[in-house]
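Below is one structure, written out as structure tokens; comments come after it.
Protein chains in written order, with UniProt numbering: chain L, 1 to 406; chain U, 1 to 188.
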């Protein structure tokens, strides 16, 4: 377990770190409270751009050692976050050719193909258009590997390729009305300005279903690794479709069959065929506390906390089991429960000190229930690489140590 | 146009018949003339649309591949630091399938498109169209899909028969039946 995660968890659990009193600031448990130095003197002024407190060291890291320095994904520390929003500096990111240094004044968005009025737009043009702000999760379809699970996984290792933010920008539908889509249009090529000119084909109906040309995230302009100055954002669909550093949209009649929608991001089945254009991220959930690498400090009350999401509307329920699935209990969903957004769930739990196995199972408003791994593998095998939304388990040992257990 | 946008357009006095072709509801941006956007308008489609003029041969591609591609992909495209480009035929049902241009990719145009936009890794978008045709021809040759004396252009490339052309299906999800669809209240 990474030390910063452990420290954050211990703080969360109400404990104190051994040695934390070495500064003299903390009283030992039971000792009379003193009046510490920070109460006896004036504090400092705020920095221009605020930072987490010095001891709060949550960080992303590459999920796997990258074969190439320019093709990395870094994972969100879900075990250390609260609520549903991901801070911008901790939002997961995946890039295939490095993070480009785009000059926003020279950046352009070209919209052409089967349109009445092909346009070149500046960022100023886009900022003038009517805007929307919406809360949505973004999940990489490669989140949660199908094979290679390790008992030592943290939830950051297993599920860190999901994050959630408020995205602000122009609805793609607004821009498509501005250029006038011609009859016969059915797919849109979206292309980035990075060194692989990342490109995917987007069905027109998905483009008109709440897609955003986003220039801001959680209130501030996009971070470079999130596509500054402009990205596509497609709610509820696999993250790779939300092309970053967006430079071009070409409206066409058929899919463009780019490398990322043929060689990659296709799901190989046991019979050797592969599913293509598997866009929606189906209902999924995971317990973030207690979770892998953490340790319960002792028997007694613990709140089981987790996140649930679906690309098909809203989460309507999350069931939690503490005995490996023999009994399930409905968790409390914390509002607002928004469509295509993370939903926080909570369940009070009294740990008696023996072994336990924690599972969560989400349901969405279409009636879909998050499946077991066995049910998924029975249909898809284990070589489909993408879209693993199986129920995921944590075991709690008698000493309180939490590990992944299928 | 969506009704709400039409109303907005009318409310701000744009979008009347005189402007219907020349300007959108908000009148932003400037026209994208083909010559203005040519350097970005680079995609190649399965039917050959978007492929540029020019041509390249397997033999020319072999020289280029050795110089620009082999250090990452192996001298015969067998894979090294970067993934394999050749081989794997018949492996898609194996425990460890090898997905390459020859064993998996459904369209030869995708190979041209990706090399043109993203390769070589240390100098993307540096190859001329003739070079992209040549490298594409060589990679297809490495997969046994083109003879050693072949030459590719915008007409020939889309006609290359890819073995896994019909290997892809539509998304059937949801594909797994729900178990225990409703939570059972715990026994107390």
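Beta carbons: idealized from backbone N, C-alpha and C, even for Gly. Being a predicted model, the structure only gives us computed values, none of them experimental.
query                                                                                                                                                                                                              : result
How would you write the range of the alpha helix (DSSP H) that residue 205 (chain L) sits in, first residue to last?                                                                                               : 204 to 207
Tell me which same chain residues have a C-beta within less than 8 Å of the C-beta of residue 147 (chain U), skipping the five on either side of it?                                                               : 58 and 141
Give the residues of chain L in contact with residue 76 (chain U), contact being defined as C-beta atoms less than 9 Å apart.                                                                                      : Near residue 76 (chain U) there are no residues of chain L at all, since even the closest Cβ is about 19 Å away, more than 9 Å.
Could you name the residues of chain L that residue 81 (chain U) contacts, counting a contact when the two beta carbons are closer than 8 Å?                                                                       : 67 and 68
Kindly list, in the order they appear in chain U, the residues whose Cβ is closer than 9 Å to that of residue 258 (chain L).                                                                                       : 43, 110, 113, 114 and 117
Below 8 Å on the Cβ atoms is my guess for residue 283 (chain L) versus residue 368 (chain L); work out the distance and round it to an integer in Å.                                                               : 5 Å
Between residue 23 (chain L) and the rest of its own chain, which residues show a CB-CB distance below 8 Å, the 5 nearest in sequence each way excluded?                                                           : Since pLDDT at residue 23 (chain L) reaches only 43, below the 50 mark, its modelled position is unreliable, and the value read off the structure follows with that caveat. So no residue of the chain qualifies.
Just the C-alpha distance for residue 154 (chain L) and residue 76 (chain U), rounded to the nearest angstrom, thanks.                                                                                             : 40 Å
Beta carbons nearer than 7 Å to chain U: which residues of the segment 164 to 195 of chain L have them?                                                                                                            : 173, 174, 177, 178, 179, 180, 189 and 195
How many Å lie between residue 267 (chain L) and residue 301 (chain L) at the Cα?                                                                                                                                  : 42 Å
Using beta carbons (cut-off 8 Å, strictly below), is residue 158 (chain U) in contact with chain L?                                                                                                                : no
Alpha carbon to alpha carbon, how far is residue 106 (chain U) from residue 159 (chain U)?                                                                                                                         : 12 Å
Taking 8 Å as the CB-CB cut-off, is residue 84 (chain U) touching chain L?                                                                                                                                         : no
Which stretch, first to last residue, makes up the beta strand (DSSP E) that contains residue 113 (chain U)?                                                                                                       : Element bounds for residue 113 (chain U): not the beta strand (DSSP E) but the alpha helix (DSSP H), 108 to 118.
What residues in its chain sit with their C-beta under 8 Å from that of residue 48 (chain U), if we drop five residues either side in the sequence?                                                                : 109, 154, 155, 157 and 158
Suppose you measure from the CA of residue 134 (chain U) to the CA of residue 41 (chain U); what does that come to, to the nearest Å?                                                                              : 21 Å
How many Å lie between residue 147 (chain L) and residue 162 (chain U) at the Cα?                                                                                                                                  : 29 Å
Alpha helix (DSSP H) containing residue 164 (chain L): first to last residue?                                                                                                                                      : Element bounds for residue 164 (chain L): not the alpha helix (DSSP H) but the beta strand (DSSP E), 162 to 171.
Cβ closer than 8 Å: which chain L residues qualify as neighbours of residue 99 (chain U)?                                                                                                                          : 263 and 268
Measuring CB to CB, does residue 169 (chain L) end up less than 8 Å from residue 117 (chain L)?                                                                                                                    : no
Return no unless some Cβ of chain L is closer than 8 Å to the Cβ of residue 128 (chain U).                                                                                                                         : no
Taking Cβ positions only, does residue 107 (chain L) come closer than 8 Å to chain U?                                                                                                                              : no
So, is residue 19 (chain L) buried or exposed, given that buried needs 16 or more other C-beta atoms within 10 angstroms?                                                                                          : Residue confidence is low: residue 19 (chain L) scores 37 on pLDDT, short of 50, so the model does not pin down where it sits. Its coordinate-derived value is still stated next. Residue 19 (chain L) comes out exposed.
Is residue 124 (chain U) close to chain L, meaning its C-beta is less than 8 Å from at least one C-beta of that chain?                                                                                             : yes
What I want to know is whether the C-beta of residue 151 (chain U) ends up closer than 7 Å to one or more non-hydrogen atoms of the ligand MG.                                                                     : Ligands displayed in this structure: none; no statement on the ligand MG is therefore possible.
Would you say residue 107 (chain U) faces chain L, with C-beta separation under 8 Å as the test?                                                                                                                   : yes
Can you confirm whether the segment 389 to 402 of chain L touches the segment 332 to 348 of chain L when touching is taken to mean that 3 or more C-beta pairs between the two stretches lie within less than 8 Å? : no
Does any residue of chain L bring its CB to less than 8 Å from the CB of residue 187 (chain U)?                                                                                                                    : Legend: pLDDT at residue 187 (chain U) = 38, less than 50; position of this residue unreliable, value from coordinates given subsequently. By this cut-off, residue 187 (chain U) is an interface position.
With a Cβ-Cβ cutoff of 8 Å, do residue 228 (chain L) and residue 123 (chain L) count as a contact?                                                                                                                 : no
Using CA coordinates, which residue listed in L:306, L:335, L:354 and L:360 is at the minimum distance from residue 328 (chain L)?                                                                                 : L:360
Are the beta-carbon atoms belonging to residue 249 (chain L) and residue 84 (chain L) less than 8 Å from one another?                                                                                              : no
Apply the 10 Å Cβ neighbour rule to residue 93 (chain L) and answer buried if 16 or more other Cβ atoms are within range, or exposed otherwise.                                                                    : buried
Using a Cβ-Cβ cutoff of 9 Å, what residues of the segment 232 to 256 of chain L are near chain U? List them in chain order.                                                                                        : 247, 248, 250, 252, 254, 255 and 256
Mind checking the segment 29 to 56 of chain U against chain L and listing, in chain order, the residues whose C-beta falls within less than 9 Å of any C-beta there?                                               : 29, 30, 31, 32, 33, 34, 36, 37, 40, 41, 42, 43, 44, 45, 46, 47, 49 and 50
Let me know the secondary structure DSSP gives residue 257 (chain L) once reduced to three states.                                                                                                                 : coil
Looking at the strands, I want to know which residues DSSP matches up with residue 357 (chain L).                                                                                                                  : L:323 and L:395
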